[in-house]
Amino acid sequence: MLKEFRDFIMTGNVVDLAVAVLLAAAVGTVVSSFTNDVMMPIVGNFTGGVDFADLKVVLSEAVVAPDGEITKPENAIMYGKWINSIINLIIVGFVLFLIVKAYGKVRKKKEEAPAPDPGPSEKDLLMQIRDELRKK
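Here it is, written out as structure tokens:
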């Protein structure tokens, strides 16, 4: 059973899938950072300095004790983080679209490459031999 499992894991498809999952996680991290650290400050600048991650609807305020300790935390709907996630999804979708489009172009060029000339067919060779024999 262990041998079968090892053979299964070592097949090309499983290894390719594992590489794809790891790359997707890395790309997800990069895109999240791009969204949160580059895009959202630019969007926030155009919206009057609003940080989308801080946008929320407070359902119940936090309860603070006289000594400043929070006894009950705030309960809020963090819709700004959801907006960030939507922007993140759009960016990831666009990047994947570009990758698939580029892959399609490369694959199409590879398929359009002319097949190597197979040379004369068996029939052509037999006809040439026949013609040569007739000459003699």
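Letter by letter, the sequence shown follows residues 0 to 135 of numbering that gives the first Met the number 0.
All C-beta atoms, glycine included, are put in the ideal place defined by N, C-alpha and C.
Could you give the residue range of the beta strand (DSSP E) that holds residue i?
i	result
Leu58	Val56 to Ser59
Asn35	Here Asn35 belongs to no beta strand (DSSP E), and DSSP marks it neither H nor E.
Assign residue i to one of two classes, buried (16 or more other C-beta atoms within 10 Å of its C-beta) or exposed (fewer than that).
i	result
Met39	buried
Asn87	buried
Would you give the residue range spanned by the alpha helix (DSSP H) that residue i belongs to?
i	result
Asn44	Met39 to Phe45
Glu131	Glu121 to Lys134
What is the C-beta distance between residue i and residue j, in whole angstroms, given that I count them as a contact (C-beta under 8 Å)?
i	j	result
Glu141	Val57	Given a span of 0 to 135 for the chain in the structure shown, any question on residue 141 remains unanswerable.
Phe51	Asn83	6 Å
Do residue j and residue i come within 8 Å of each other at the CB atom, strictly closer than that value?
i	j	result
Val30	Ile90	yes
Gly79	Asp53	yes
Ala75	Ile69	no
Leu7	Val13	A quick correction: the sequence has Phe, not Leu, at residue 7. Result yes, Cβ atoms of Phe7 and Val13 sit closer than 8 Å.
Val37	Gly43	no
Met77	Lys55	yes
Of all the CB atoms in chain C, is at least one closer than 8 Å to the CB of residue i?
i	result
Asp15	Absent from the structure is chain C; it holds one protein chain and no more.
Runs of alpha helix (DSSP H) wholly within the segment 62-111 (minimum 4 residues, chain order): The qualifying runs are 78-111.
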